[in-house]
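See below for the structure under consideration.
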Amino acid sequence: MILAPEEAAQAIRSGRISEPIRVAGRLDLKNFEGENLPSALHCYELDARDSKLTGLPDDLKIDSRLVLDNCNRLKSLPEGLSAGSISLRNCSSIQALPERVSTWFLDMTGCSQFETWPNAGTIHNGSLILRNCTRLCQLPSWIERLAHLDLAGCVALREIPDGLTVSSWVDVGGTGISGLPPSMQGASLRWRSVRVDERIAFSPTQLTAKEVLAEKNAEVRRVMIERMGYLRFSQEARAKLLDQDRDGGGTRQLLSIDLEKDEPLVGLSCFCPSTGRQYFLRVPPKMKTCHQAAAWMAGFDDPSLYRPQIET
Amino acid sequence: MKRNLIYMDAKSSKFWNIDQAGNSFTVTFGRIGTDGQSLTKSFPDEATAVKEAAVLIKEKLGKGYVDTAASGAATGIAVTTVDDHIPFIAFSSINHREDISENIGTFVGRRVIDYDPEKPIKPDGVYRFRSDWENNEVIPNLEKYLESDEALETTALVFGAWHGDDPDQTSNIIVEALVNGKDRLPKLAALYIGDITSEENEMSWIKQSDLSPLLPAFPKLELLRARGGDGLALASAEHGHLRALALETGGMDVSVIRSVCTAKLPNLEYLELWLGTEEYGANYTVADLQPVLSGQLFPKLKYLGLRNCQRADELAGVIVNSPLLQRIETLDLSLGMLTDEGARALLLMPLNTTLKKLNLHYNYISEGLIRQLKALPLVVDASKPSNMDTDDEWRFVAVGE
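These protein sequence lines are chains A and B, in that order. Mapping the first sequence onto our numbering, position 231 (from 1) lands on 231, and the numbers just tick up by one. In our numbering, each residue carries its 1-based index in the second sequence increased by 1000.
Structure, rendered in structure tokens:
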């Protein structure tokens, strides 16, 4: 039975479907309350974001887009799931992708439990977005050439297997990846969406405050400072001393560094009273004193109300 | 050796023939439909004549001329009769950004004439119907034209501004009038709805409508071109004959892309989509174009244009992996925001395929990468308008508003 998208959506929402249906357009099942969809459903696109689905029928057929964003009860997907693009953003219960999954575009941003790849699948040509998949420790070697590979925020990921290729860029921001495999040499690099070079991404100890200050692009400069570490940057960049006092850890300094076309970088340099380690904590540029900065970090807009008995 | 080349765009339709024999060659050139003029040049020996001819041919091909033999195009005057299909090169209209600021002078290789009910109809012209602010006679004039004997032989029509003093007037009035008059236009093969410059109406202000009723009404239609994205729709499009679809917008709604992807157009050879920017309504992602890029649609496609596109870099990264490159002849990413990132991806393009031409006119690519692109064994147009602002921080597509 061929149904118009609106008719199909209405019939499925009211549970009045007993025979195979074909939907010629985009089936809108946003916020769908059911746990599963009727079997033998074939549509051009399915948008079931924000729904209560826990799974999908084995015989579901999607031609173009499958959108399941924010389906936080969705636990598993059927074997052989195939679509032009699959979006699973913030599907926080998904731990594994199904065997023989096949797509050009896969977006798993915020799938915080995702860690298990199938033994075989086809992901190629388009974009693989794994942003903030914090449990993910590895990538499978069966992934074919992609256009874009976004691994930003995959904090547990330490390497990209040799053999993987991208025609455009790979984003390694915030990962533990220390270099590209030979198969990816020459790929454009990004650090949380900012275009960076190999030194910034993989050799941050080589960066100097001088080259950071000479960098004209404010976004690149921000990433460079992040990669160098605020502490080393503030030490090398000859920061202006705005204020100085003492706390439990010893001498505390409020430092400011002027940046071209950006607000000044102001931060509190202090020592941890317990470990003795030195930190540089960035604060808003309007801060005038160390005490005011410490109060702001503790959530006090009025520094006079911040009177800690002890700072540990 | 003889080569016959033709060129067509929104302003002109020209031919350029070269006939080399012995130590000389004769070049004949001019407007299609005229005899043109001839020049003969002699050289000390045959080898030099052959070499010089090859240089000229390469130069012409670089400028967008095509070989009539290669494109299967008809030469001479009768380029758009129904039996004699529209030559492939005539499907394109806006080649360079400056073409957008003027109304078209030619359409499918023929001179465009503004319809004047007081004047006799010339059979070799293509008639344009349009309104100005003072008087909107588009529909009455079209109805008058449809009553003429010439209407029955009409193969191409152009519609300019149709809104008169009512900015909300959509192109639906034209669609309805054409569908009602379909029996008077049995040979209609080419239609342009929206030959409107920014001075007449900004691209984003043009009120389009659902154009799909035109398809069943005109079974011989080969080319449908429209400008303006607001209200544009192409619901359940189906046509057994259509060879070319061109939709020019400053921001394309994803529903239009979906309609194109689900359309049944088995003969489509030419697909030109102006995708535009978010500022003017573009709400698609590259994933929405996956059905086109997968190569499973349009088995006869020879030209793919994804133009005026904010996401040109992202698209380029995916396109170089597309199986479509194994079977199309021209890839057009012009008028968009293509930068070095997209250019680097394009350098990974599979070679030894059917692809012959890469149009990247109006881009933000640096000189070094343009040189590398030009070294590809393809005809590459990576030109920039002379007044292009190549500022690093402020980039925009060729036409938004």
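Backbone N, C-alpha and C fix where the C-beta goes; we use that ideal spot for every residue, glycine too.
Within the stretch 1239-1271 of chain B, the complete alpha helix (DSSP H) runs of at least 4 residues fall at 1254-1262. Of all residues in the stretch 137-153 of chain A, the ones placed with a Cβ closer than 7 Å to any Cβ belonging to chain B are Arg-145, Ala-147, His-148, in chain order.
Contact between B:Ile-1113 and B:Met-1008 is absent: CB atoms are separated by about 17 Å, not below the 8 Å threshold.
In the three-state reduction of the DSSP assignment, B:Lys-1058 falls in the helix class.
The C-alpha of A:Ile-143 is placed about 10 Å away from the C-alpha of A:Pro-161. Those residues of the stretch 113-126 of chain A placed with their C-beta closer than 8 Å to a C-beta in chain B are His-124, Asn-125, Gly-126, ordered along the chain.
DSSP, reduced to helix, strand and coil, places B:Ser-1204 within a helical segment of the structure shown.
Taking the Cα positions, B:Met-1203 is about 33 Å away from B:Asp-1067. If you compare the alpha carbons of A:Pro-264, A:Leu-37, A:Leu-207 with that of A:Leu-68, the shortest gap goes to A:Leu-37.
By the rule that beta-carbons nearer than 8 Å mark a contact, B:Asn-1283 does not touch chain A.
Residues Pro-303 of the same chain have their beta carbon placed closer than 7 Å to that of A:Gln-292, with the five preceding and five following residues left out of the count.
B:Asn-1308: member of the beta strand (DSSP E) spanning 1303-1309, first to last residue. Here B:Lys-1207 really is in contact with B:Asp-1230; their C-beta atoms are around 6 Å apart, less than 8 Å. For A:Trp-191, the nearest beta carbon of chain B is not closer than 8 Å to its own beta carbon. For B:Val-1320, the neighbours in chain A by C-beta distance under 7 Å run, in chain order, Ser-167. Nearest in C-alpha terms to B:Thr-1154, of all of B:Tyr-1270, B:Leu-1188, B:Pro-1377, B:Gly-1033, is B:Leu-1188. Rounded to the nearest angstrom, the gap between the Cα atoms of B:Tyr-1364 and A:Ser-14 is 52 Å. Taking a cut-off of 8 Å for Cβ pairs, the stretch 224-236 of chain A and the stretch 188-206 of chain A touch, as three or more such pairs fall below it. Closer than 8 Å to the CB of B:Gly-1125 there is not a single CB belonging to chain A. Taken in chain order, the unbroken stretches of beta strand (DSSP E) that lie wholly in the stretch 1297-1378 of chain B and span 3 residues or more are 1303-1309, 1330-1332, 1357-1359. With fewer than 16 other Cβ atoms from the protein chains shown falling within 10 Å of its own Cβ, A:Arg-246 counts as exposed. With a cut-off of 8 Å on Cβ pairs, the stretch 1116-1125 of chain B is in contact with the stretch 1144-1153 of chain B, counting three or more such pairs.
Within chain B, the residues placing a beta-carbon under 8 Å from that of A:Ala-24 are Ser-1236, Thr-1262, ordered along the chain. What A:Phe-280 touches in chain B, judged by beta-carbon distance under 7 Å, is nothing: the nearest beta carbon there is about 29 Å away.
Rounded to the nearest whole angstrom, the C-alpha separation of A:Ser-39 and B:Val-1260 is 28 Å.
Of the residues B:Asn-1103, B:Asn-1321, B:Ser-1171, the one whose Cα lies closest to the Cα of B:Pro-1213 is B:Ser-1171. Under the 10 Å beta carbon count, B:Ser-1131 is surrounded by 16 or more other beta carbons and is classified as buried.
Boundaries cannot be given for A:Cys-111, as no alpha helix (DSSP H) includes it and DSSP labels it neither H nor E. Fewer than three beta-carbon pairs drawn from the stretch 1179-1199 of chain B and the stretch 1052-1059 of chain B are found closer than 8 Å, and the two stretches are therefore not classed as touching. Rounded to whole angstroms, the separation of the alpha carbons of B:Leu-1373 and A:Val-220 is 27 Å. Across the set A:Ile-94, A:Pro-98, A:Thr-103, the C-alpha of A:Ile-94 shows the shortest separation from the C-alpha of A:Thr-109. Under DSSP, A:Tyr-279 shares a beta bridge with A:Cys-270.
With respect to chain B, the C-beta atom of A:Gly-84 has a partner C-beta closer than 8 Å.
Residue pairing by DSSP puts B:Phe-1129 in a beta bridge opposite B:Phe-1159.
For A:Arg-277, the CB contacts under 8 Å within the same chain, skipping 5 residues up- and downstream, are Phe-271 in chain order.
Taking a Cβ-Cβ cut-off of 8 Å, B:Glu-1272 has no neighbours in chain A, whose nearest Cβ is about 21 Å from it.
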